[in-house]
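Working notes, structure below.
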């Protein structure tokens with residue numbers, strides 16, 4: 116059976132692109148990011164999700180230059196039988212020849228690169244309950260890289276959270292991304308409906324809104 120992928124809202128992307136994730140990873144991310152924004156008071160930006168080998172090659176060639184020197188730095192990479200050096204001002208990325216670690220999970224559609232730091236720190240501390248781990252990111256020194264492991268996800272019963280649907284319910288501008296402005300509207304709606312005004316659309320709030328809906 117072919118793996119199902121979901122296209123994420125363009126508003127989530129820092130590049131205004133249609134990022135994609137495996138269906139279960141997308142559902143988890145949709146409900147987790149609402150909590151992260153509510154707790155941190157900071158908006159998120161998704162830098163990357165599903166990547167093909169062509170995407171990996173494009174990212175690599177943007178960040179690295181071929182060199183005749185030997186591999187003397189941790190940031191150097193081996194690609195197409197040669198050594199490549201990291202360009203000034205760029206962050207290290209894996210060689211497209213490498214199919215394990217973060218490269219493999221991006222190609223599977225169950226990894227994200229996300230910013231800013233406050234959101235990263237929140238996912239490091241809380242993401243595991245939603246299935247998102249920093250284990251690989253930690254191992255390669257990437258604060259922005261997180262991977263979804265379905266067997267760890269304790270929140271599956273909530274289903275996916277349609278951010279645009281929530282925005283319509285609470286009277287927020289509909290851009291399909293729950294940010295700090297939408298969280299404020301959710302809190303006002305929750306208070307008016309006798310719910311805990313925490314800005315988080317959990318099962319109780321979702322039911323009061325008429326969900327589950329995606």
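Numbering (our numbering), first residue to last: 116 to 329. From the three backbone atoms N, C-alpha and C, an ideal C-beta is built for every residue, glycine too. Predicted model, so just to flag it, every value in this text is computed and none were measured.
Where residue i sits in the DSSP three-state scheme
| i | result |
| --- | --- |
| residue 264 | coil |
| residue 163 | strand |
| residue 131 | coil |
| residue 272 | helix |
| residue 213 | coil |
| residue 332 | No information on residue 332 is available, as it lies outside the stretch 116 to 329 that the chain covers here. |
| residue 193 | strand |
| residue 329 | Because residue 329 sits at a pLDDT of 46, beneath the cut-off of 50, its placement in the model cannot be relied upon, and the point is left open. |
| residue 288 | coil |
| residue 311 | coil |
| residue 125 | helix |
| residue 208 | coil |
| residue 258 | coil |
| residue 219 | helix |
| residue 252 | helix |
| residue 277 | coil |
For residue j and residue i, the rounded distance between their alpha carbons
| i | j | result |
| --- | --- | --- |
| residue 316 | residue 308 | 13 Å |
| residue 168 | residue 210 | 10 Å |
| residue 177 | residue 295 | 33 Å |
| residue 135 | residue 197 | 31 Å |
| residue 152 | residue 199 | 38 Å |
| residue 128 | residue 161 | 5 Å |
| residue 231 | residue 319 | 29 Å |
| residue 324 | residue 293 | 15 Å |
| residue 300 | residue 201 | 44 Å |
| residue 322 | residue 256 | 40 Å |
| residue 150 | residue 250 | 21 Å |
Run of the alpha helix (DSSP H) containing residue i, from where it starts to where it stops
| i | result |
| --- | --- |
| residue 236 | 232 to 241 |
| residue 178 | 168 to 178 |
| residue 301 | 295 to 307 |
| residue 201 | Counting along the chain, residue 201 falls outside any alpha helix (DSSP H), though it belongs to the beta strand (DSSP E) covering 197 to 201. |
| residue 321 | 318 to 324 |
Check whether residue i and residue j have beta carbons under 9 Å apart
| i | j | result |
| --- | --- | --- |
| residue 297 | residue 288 | yes |
| residue 263 | residue 233 | no |
| residue 244 | residue 269 | yes |
| residue 313 | residue 302 | yes |
| residue 163 | residue 228 | yes |
| residue 271 | residue 142 | yes |
| residue 221 | residue 173 | no |
| residue 137 | residue 121 | yes |
| residue 246 | residue 266 | yes |
| residue 279 | residue 124 | yes |
| residue 212 | residue 183 | no |
Residue i, enclosing beta strand (DSSP E) - first and last residue
| i | result |
| --- | --- |
| residue 120 | 120 to 122 |
Residues that DSSP places opposite residue i in a beta bridge
| i | result |
| --- | --- |
| residue 229 | 161 |
| residue 283 | Note: residue 283 sits in no beta bridge, so no partner. |
| residue 181 | 199 |
| residue 247 | 263 |
Cβ-heavy atom distance, residue i to the ligand PLP, below 8 Å
| i | result |
| --- | --- |
| residue 136 | Looking at this structure, you won't find the ligand PLP or any other ligand, since it has none at all. |
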